[in-house]
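Engineer: The sequence shown lines up with residues 6 to 207 when you count with the numbering used here.
Got a structure for you, written out below as structure tokens; questions coming shortly.
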Amino acid sequence: MKSGFRALSLFPMTAIVMASGTAFAQTNDALTNQARQVIGAAQPIHVQAVITGIDPSTRTLIVHGPRGDSTVLVNKEVTGFDQLHVGDKVDVQYKNALLSNVEKVTGKDQGLRKRVDTQTYSPASGANGASGFDSSRQVEILATVVRVDKKHHTVTLRGPWRTETMDLPPDVAADNLKKGDTVHAVFVSAAAVKVTPVAASK
């Protein structure tokens, strides 16, 4: 499968991997509503980052910032997307990728890494009435825990195509996870409402 990214070794955002014999793909309304609540409650953050990958077909960027690599879905109202290039340094306002559910995996699926992109939807206004976050992708993965940061309540997961750090849900104790665990994780991809080249923002 060819990736839409204009960079090497980047995963295709629309790839669908079916986990046969398991209930891996959960596209029910309850799961979607849970994801809506997670992204709606998140506070937007602002960082400077370098673009390392672009997928024009899905308006998706991979950016490298203070927390490492992040996959960011850019809001359709953000102008100038077509003028962005790999290597550009940009100011980004976005909501970080957030886990809505994470469970340890045992048995035959232990050690596997798979991914399912379930859907894109348009939630209501975000935290404190902040608008603009109208595009988010809900993703399910089987991944390996690389690092657990108890201080910042984050977990770094190595999935089928890349490694990414995400915020843990408030109801998930970091002590319940450890390096090397195989987990079934459901998360909402990061969503950006502002992406401005650093030179243009000055």
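All C-beta atoms, glycine included, are put in the ideal place defined by N, C-alpha and C.
1) Should the segment 162 to 176 be regarded as contacting the segment 69 to 80, the criterion being three or more beta carbon pairs within less than 8 Å?
2) Would you mind giving the Cβ-Cβ distance between N80 and A178, rounded to the nearest angstrom? I have them listed as a contact below 8 Å.
3) Tell me, to the nearest whole angstrom, how far the beta carbon of I146 is from that of A102; I am working on the premise that it is less than 8 Å.
4) Considering only the alpha carbon of each residue, which of N106, G58 and V110 lies closest to V95?
5) For A54, count neighbouring Cβ atoms within 10 angstroms of its own Cβ and tell me buried if that reaches 16, exposed if not.
6) In or out: A148 buried (at least 16 other Cβ within 10 Å) or exposed?
7) How big is the Cα-Cα spacing for Q88 and V68?
8) When the distance is taken between beta carbons, is L66 closer than 7 Å to S194?
9) Of all the CB atoms in chain D, is at least one closer than 7 Å to the CB of A178?
10) Return the bridge partner residues of V77 from the DSSP annotation.
11) Buried or exposed for D176, please, with buried defined as at least 16 other CB atoms from any protein chain shown within 10 angstroms of its CB.
12) Indicate the three-state DSSP secondary structure (helix, strand or coil) for A178 in the structure shown.
13) For V203, tell me which candidate among D93, I50 and F192 has the shortest Cα-Cα distance.
14) Which same chain residues, not among the five before or five after K199, have their C-beta less than 6 Å away from its C-beta?
15) Using 8 Å for Cβ pairs, my map puts D172 next to T159. What's the rounded Cβ distance?
16) Suppose you measure from the CA of K100 to the CA of P49; what does that come to, to the nearest Å?
Structural biologist: The short version:
1) Touching, per the Cβ criterion.
2) Walking along the sequence shown from the start, residue 80 turns up at place 75. Walking along the sequence shown from the start, residue 178 turns up at place 173. That pair is no contact at about 33 Å.
3) Here residue 146 refers to the residue found at position 141 of the sequence shown. Here residue 102 refers to the residue found at position 97 of the sequence shown. The beta-carbon separation of I146 and A102, rounded to 11 Å, does not stay under the 8 Å limit for a contact.
4) In the sequence shown, residue 95 corresponds to position 90, counting from 1. The shortest CA-to-CA distance from V95 to any of N106, G58 and V110 is the one to G58.
5) For this step, residue 54 is matched to residue 49 along the sequence shown. That one is buried.
6) On the sequence shown, position 143 is the one that residue 148 refers to. When all chains shown are included, A148 counts as buried.
7) On the sequence shown, position 83 is the one that residue 88 refers to. On the sequence shown, position 63 is the one that residue 68 refers to. Those two C-alpha atoms are separated by around 15 Å.
8) On the sequence shown, position 189 is the one that residue 194 refers to. On the sequence shown, position 61 is the one that residue 66 refers to. Not a contact, by the Cβ cut-off of 7 Å.
9) Any reference to chain D falls outside this structure, which holds one protein chain only.
10) Translated into the one-based positions of the sequence shown, residue 77 becomes position 72. According to DSSP, which records beta bridges pairwise, V77 is partnered with L66 and A195.
11) Mapped onto the sequence shown, residue 176 falls at position 171. Burial call: exposed.
12) Translated into positions along the sequence shown, residue 178 becomes position 173. Under the three-state reduction of DSSP, A178 is assigned to coil, being neither helix nor strand.
13) Numbered from 1 along the sequence shown, position 198 holds the residue referred to as residue 203. Closest option to V203, judged by alpha-carbon separation, among D93, I50 and F192: D93.
14) Numbered from 1 along the sequence shown, position 194 holds the residue referred to as residue 199. In the same chain as K199, and ignoring 5 residues on each side of it, the C-beta atoms closer than 6 Å to its own belong to Q98, in chain order.
15) Mapped onto the sequence shown, residue 172 falls at position 167. Mapped onto the sequence shown, residue 159 falls at position 154. Right, their Cβ atoms sit about 6 Å apart.
16) Position 95 of the sequence shown, counted from the start, is the residue given in the question as residue 100. Position 44 of the sequence shown, counted from the start, is the residue given in the question as residue 49. Approximately 5 Å between the Cα atoms of the pair.
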